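Protein chains in written order, with the numbering used here: chain E, 4 to 329; chain H, 6 to 240. The beta-carbon is built from N, C-alpha and C at its ideal position, and this holds for glycine as well. The model shown is predicted, which means the values in this text are computed figures rather than measured ones. Take a look at the structure below.
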């Protein structure tokens, strides 16, 4: 906005920029914090409150081919799905991230209607469970029509890995729906992204700059600034070194000029770099490595962690919060 | 509201004036709103000071002009002079006083948004929508929303505050009227000064102007002492 400007030049009005006056205010007892709504039934995220509790977003892949658990929740009956959902909630998840289209490299692209046929029934199931009264539903999609149908069916958040780049209607659709959106940093598509993992100016300043551009586009499309969550996109168009630097220096990324008032979502769960460093081939066995990555993310200031192993990472988040969120 | 078409029809057609009403400020505001909701964008609101109706001079009338093409195709804040002579009743330019151009939103104002009652974010979003729906205000950019404990009267819910920059054709007092009208339509009831409110819209800055009367002080009197104004303003 206008930190460098000041009041109109007038004999009776104090001089000095607004930033100057802000810096000279006595500190408030209760710190001020930006606020990001998630869903009506949940408290909003307050990204600057040092004692905030990290939110656990559980991954509910509804595909036959997601990289670590494809097929697990695909075409299961409603009662099994309800049990799975309940177990996520009991384990501490407050946001359920539904995905009907895998974003791993090489995953076949299904049609919007197929994606919707996987996602919509689960939204309905979640909405019918009394345990899910204070849970937000997020839809992991890069397609605007899927996002729209899902939100209309009761989802609260759109989680777009492409930040609007893979569907030119996405940003304006989200703006029209008025819901919260997570914009993730990625380059290219899941097919081509590994070719774009080059950051000559440094991964932090570059990811910061590119995300800032997505934020500007989102605002230009009519999305309200306070409806935006950011995600550095670990594992998407990044090498192992880039992933580690993003985790190590998440605090620096959070302070990137123009990105300082947004909450951050970090997803490291079971990713290839975790498997490579810990020597664990089987994705679903990468729990311990993920736990360390989640702790690093919370230490770096992440507001939401996106995980497969809800029970385990719920405990990790609690412990990391106790150490770092004071 | 009942629309009455003003005769002669030839004038209406020439200017593509869509409705004529006896001109009072409340009528004009209401007309603007209804026409915008019903029909889309209008170029301007004109006031005819001494219209001739049925061969007699009548009281002032106001109407909406859809296009300025018939008036030598201009798009600025003032009507052209001289007026086209083909219009039998509009003999002199003094008869047409131009009030607003919806396309000429040349002023920039910063407006503070606040709420601490009910679904606070929804209230602020509703107010933003209402400002844009008026057609007289366009939101250029917003800050993030910030949560604070109440500053003056302490026993109330936490506030959510933000600021937005708007483009508008309205004057400071007209802008205040519009904001107060939005607050009222949203059910704002002022019980305690600086007490709880479901929606609060304040003008902080208007261009580089100062303004002072018993209703309105620009710049906003307390803005430099309020972190919940300065922090969003300094993002």
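According to DSSP, residues forming a beta bridge with residue i
i             : result
residue 185/E : 162/E, 232/E
residue 147/H : 169/H
residue 37/E  : 151/H
residue 222/H : 217/H
residue 210/H : 115/H
residue 9/E   : 20/E
residue 164/H : 153/H
residue 49/E  : 38/E
Cut-off 8 angstroms between Cβ atoms - residues of its own chain near residue i, not counting five sequence neighbours on either side
i             : result
residue 115/E : 146, 148, 149
residue 214/H : 177, 223
residue 225/H : 117, 207, 208, 209, 210, 234
residue 254/E : 303, 304
residue 3/E   : Past the boundaries of the shown model lies residue 3/E; chain E is included only from 4 to 329, so the question cannot be answered.
residue 1/E   : This structure gives no information on residue 1/E, because the portion of chain E shown stretches from 4 to 329.
Proximity of residue i and residue j at Cβ, strictly below 8 angstroms
i             : j             : result
residue 272/E : residue 309/E : yes
residue 231/E : residue 221/E : yes
residue 183/H : residue 142/H : yes
residue 37/E  : residue 150/H : yes
residue 193/E : residue 121/E : no
residue 164/H : residue 173/H : no
residue 24/E  : residue 227/H : no
residue 221/H : residue 115/H : no
residue 128/E : residue 81/E  : yes
residue 268/E : residue 185/E : yes
residue 214/E : residue 233/E : yes
residue 87/E  : residue 76/E  : yes
residue 264/E : residue 162/H : no
residue 113/H : residue 212/H : yes
residue 154/E : residue 180/E : yes
residue 159/E : residue 42/E  : yes
residue 266/E : residue 307/E : yes
Where the beta strand (DSSP E) through residue i begins and ends
i             : result
residue 99/E  : 96-102
residue 120/H : 112-120
residue 23/E  : Where residue 23/E is concerned, there is no enclosing beta strand (DSSP E), although the alpha helix (DSSP H) it sits in stretches over 21-26.
residue 64/E  : 58-64
residue 270/E : 268-270
residue 307/E : 307-310
Close-in-space but distant-in-sequence residues of the same chain around residue i (CB under 6 angstroms, 5 per side omitted)
i             : result
residue 276/E : 243, 246
residue 95/E  : 59, 317
residue 210/E : 188, 235
residue 136/H : 142
residue 14/E  : none
residue 110/H : 143, 172, 173, 174
Residue i beta carbon near the ligand ATP (any heavy atom closer than 7 angstroms)
i            : result
residue 17/E : For the ligand ATP, the structure offers nothing, since it holds no ligand at all.
Residues of its chain near residue i, where Cβ-Cβ distance is below 7 angstroms and the 5 sequence neighbours each way are ignored
i             : result
residue 252/E : 207
residue 228/E : 222
residue 190/E : 196, 199, 240
residue 178/E : 224, 225, 226
residue 7/E   : 20, 22
residue 126/H : 150, 165
residue 90/H  : Unreliable placement is indicated for residue 90/H, whose pLDDT of 35 sits below 50; the coordinate value is still reported in the next sentence. Contacts found: none.
residue 45/H  : Note that residue 45/H scores a pLDDT of 36, beneath 50, so its modelled location is shaky; the value from the coordinates is reported in the next line. Once the five neighbours on either side are set aside, residue 45/H has no close Cβ partner at all.
residue 72/E  : 64, 287, 311
residue 319/E : 294, 297, 298
Residue i: first and last residue of the uninterrupted alpha helix (DSSP H) it sits in
i             : result
residue 322/E : 313-327
residue 113/E : Where residue 113/E is concerned, there is no enclosing alpha helix (DSSP H), given that its DSSP letter is neither H nor E.
residue 177/E : 173-180
residue 90/E  : 81-93
residue 299/E : 290-302
residue 150/E : 147-155
residue 140/E : Per DSSP, residue 140/E belongs to no alpha helix (DSSP H); it is in the beta strand (DSSP E), 139-143.
residue 203/H : Here residue 203/H belongs to no alpha helix (DSSP H), and DSSP marks it neither H nor E.
residue 256/E : 253-257
residue 177/H : 177-190
residue 237/H : 232-238
residue 278/E : 275-281
Whole-Å CB distance - residue i paired with residue j, under 8 angstroms assumed
i             : j             : result
residue 200/E : residue 240/E : 5 angstroms
residue 53/E  : residue 328/E : 7 angstroms
residue 295/E : residue 57/E  : With 8 angstroms as the limit, residue 295/E and residue 57/E do not qualify as a contact, their Cβ atoms being about 15 angstroms apart.
residue 122/H : residue 190/H : So it is not a contact: roughly 16 angstroms between Cβ atoms.
residue 311/E : residue 62/E  : 5 angstroms
residue 161/E : residue 142/E : 6 angstroms
residue 128/H : residue 120/H : 4 angstroms
residue 17/E  : residue 10/E  : 7 angstroms
residue 4/E   : residue 194/H : In fact, because the Cβ distance is near 30 angstroms, the residues do not count as touching under 8 angstroms.
residue 134/E : residue 89/E  : 6 angstroms
Given a limit of 7 angstroms on CB to CB distance, which residues of the segment 219-233 of chain E reach chain B? Of the protein chains in the structure, E and H, none is chain B.
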